[in-house]
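Novice: The opening residue of the sequence shown carries number 63 in this note's numbering; numbering runs sequentially from there.
Glycine included, C-beta positions come from ideal geometry on N, C-alpha and C.
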Amino acid sequence: MDCLENAMNLLMTFYSVMVVEHYMIFLLISKAGSDEIQDQLLNTLRDHLHKEDSMLRNMEGTMICLGNDTTMAFKDFLKNVHDGISLTDDPEFISNYINNFDNTIKDIVRYMLIHDEIMSRIIAALRIKIHAYLKNLT
């Protein structure tokens, strides 16, 4: 149970922070008509991805004990975060973001939808583990 309890604590802390930040990013995307919001969106997205990377690295060892499905979803999510960091740090992407925002925002939206979906898979896999554990208690 220690592994499951640690994983639940780490993931739920992570999840509660990330849900708020994902909502904030989606809100910025929906309001991204002005230059000020566009700058704020890119900076918020970058900060968010770096925060996720740091938190995920701290959880990496704990996720192994949750089984293959959860571990694979966790690795997919970590790769997705690294892909997002690479994307938002790419000079060509930044140039396109500045010069052709309307097309670039579509890339960000697609990325964030996939990003959010992978996070949901991790939480769903964790719920299955928790339910199985609780059923064993009855």
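Can you tell me where the alpha helix (DSSP H) with residue 200 in it begins and where it stops?
Specialist: Premise fails: residue 200 is in no alpha helix (DSSP H) and is neither H nor E.
Novice: Which value, in whole angstroms, describes the spacing of the CA atoms of residue 85 and residue 200?
Specialist: Cα-Cα distance, rounded: 37 Å.
Novice: Rounding to the nearest angstrom, what Cα-Cα distance links residue 90 and residue 73 in this structure?
Specialist: Those two C-alpha atoms are separated by around 25 Å.
Novice: What does a CB cutoff of less than 7 Å around residue 140 pick up in its chain, not counting 5 residues either side in sequence?
Specialist: The residues are 118.
Novice: With distance defined between alpha-carbon atoms, name the residue in 146, 109, 66 nearest to residue 171.
Specialist: Nearest option by C-alpha distance: 146.
Novice: Compare the beta carbon distance of residue 150 and residue 69 with 8 Å and say whether it is the shorter of the two.
Specialist: Taking 8 Å as the Cβ cut-off, residue 150 and residue 69 do not qualify as a contacting pair.
Novice: So, does the segment 150-165 touch the segment 101-115, judging by three or more C-beta pairs under 8 Å?
Specialist: In short, these stretches touch, since the Cβ pair count reaches three.
Novice: Taking all protein chains shown into account, do 16 or more other C-beta atoms lie within 10 angstroms of the C-beta of residue 87, making it buried, or fewer, making it exposed?
Specialist: Looking at its Cβ environment, which holds 16 or more other Cβ atoms inside 10 Å, residue 87 is buried.
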